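In the working numbering, the protein residues as written are 8 to 287.
Structure follows, in structure tokens:
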């Protein structure tokens, strides 16, 4: 993540959509992800959003740090809920064996079901959010939000927050490389956890220094003195944006009707084996 922003320049079809259209996609994706209590539906949404990300940004959709973090998050959700979720009652079999932890008990199918559902939900929405920020130029993104009624100051705050993510990731890599050159030991996971302490302090200090420098620069340029600042860039809706929004809303409406007619497809009370987690 060497770029100072999450935006990836490109000429894909997704890049040509207005940022407000992608914001509607994000909202619709959020509704779809949490509409059904079942891991299959958010997983399908996850695959669709990942495929669109690959079409838009290529290898970056898979190799970037955020996607890797999302995958680890799904695994963590599954493990934590598998052992600690109070709904768990059916032990899961791994090659015919039950895995248990002291004070927590066995890994359960209900916990895995809950963890996979929660993890896939968050990852699906996060990937749509990544598509939103990686295919929308920061200026277009903020300009689109301002046209929706957001103030210029809040838009700038959002822009700075988005820029802070890749900058912090890049600085953390530099700090880790410097610590390794000084003999940082990383033999096991405990050593890596201990290494987070010397990583956090310089990262926090550099972030505060950067914020102070940015604040001074903004004050020197009289930022916020004008309530309605003009912009060199402008964003406009096209036919493709209108069609994409109509299709997105239509999909959500159909999903809501299915939810009302058929329920939320909750299989957590009918789990007897791993296959029941994905199909009952």
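Just so it is clear, CB atoms sit at the ideal spot from N, CA and C, and this is done for glycine as well. Model, not experiment: these values are computed from the prediction.
By the beta-carbon neighbour count (other beta carbons within 10 angstroms, threshold 16), residue 195 is exposed. Taking a 10 Å sphere around the C-beta of residue 279, we find fewer than 16 other C-beta atoms and assign the residue as exposed. DSSP, read as helix, strand or coil, puts residue 22 in helix.
Scanning the region 24 to 100 from its first residue to its last, the whole alpha helix (DSSP H) runs of 4-plus residues come out as 26 to 40, 47 to 64, 67 to 70 and 72 to 91.
The beta-bridge partner set that DSSP reports for residue 113 consists of 107. Residue 14 sits close to residue 141, with the two beta carbons spaced by under 8 Å.
With respect to residue 134, residue 77 sits close: the two C-beta atoms are nearer than 8 Å.
Residue 88 and residue 43 have their C-alpha atoms roughly 18 Å apart. Shown here for residue 244: same chain residues with a beta carbon closer than 6 Å to its own, the five before and five after excluded, namely 25 in chain order. In this structure, the CA atom of residue 50 is about 11 Å from the CA atom of residue 41. Taking a cut-off of 8 Å for Cβ pairs, the region 55 to 67 and the region 111 to 125 do not touch, as fewer than three such pairs fall below it. Here DSSP, grouped into helix, strand and coil, assigns residue 119 to helix. When DSSP states are grouped into helix, strand and coil, residue 242 belongs to the coil group. Burial check for residue 29: the Cβ neighbour count within 10 Å reaches 16 or more, so the residue is buried. Contact annotation, residue 53 with residue 275: C-beta distance approximately 20 Å; criterion of less than 8 Å not satisfied. Proximity to residue 285 across 22, 23 and 48 peaks at 48, based on C-alpha coordinates. Rounded to the nearest whole angstrom, the C-alpha separation of residue 159 and residue 184 is 38 Å. Setting aside the 5 residues that flank it on each side, residue 172 is surrounded in the same chain by 13, each with a C-beta closer than 7 Å to its C-beta; the list follows chain order. Judged by DSSP secondary structure, residue 159 falls within the alpha helix (DSSP H) whose first and last residues are 159 to 188.
Distance from the CA atom of residue 18 to the CA atom of residue 282, rounded to whole angstroms, is 42 Å. A straight-line Cα-Cα distance of about 13 Å links residue 22 and residue 242. In the DSSP annotation of this structure, residue 191 is not part of any alpha helix (DSSP H), being labelled neither H nor E. If you draw a straight line from the Cα of residue 72 to the Cα of residue 148, it comes to about 22 Å. The straight-line gap separating the alpha-carbon atoms of residue 207 and residue 263 is approximately 44 Å. Comparing alpha carbon positions, the residue from 97, 45, 98 and 137 closest to residue 70 is 137. Going by beta carbons, residue 259 and residue 39 fall inside the 8 Å limit. The C-beta separation of residue 31 from residue 252 comes to about 5 Å, placing the pair in contact by the 8 Å criterion. Taking all protein chains in view, the Cβ of residue 92 is crowded by 16 or more other Cβ atoms within 10 Å, so the residue is classified as buried.
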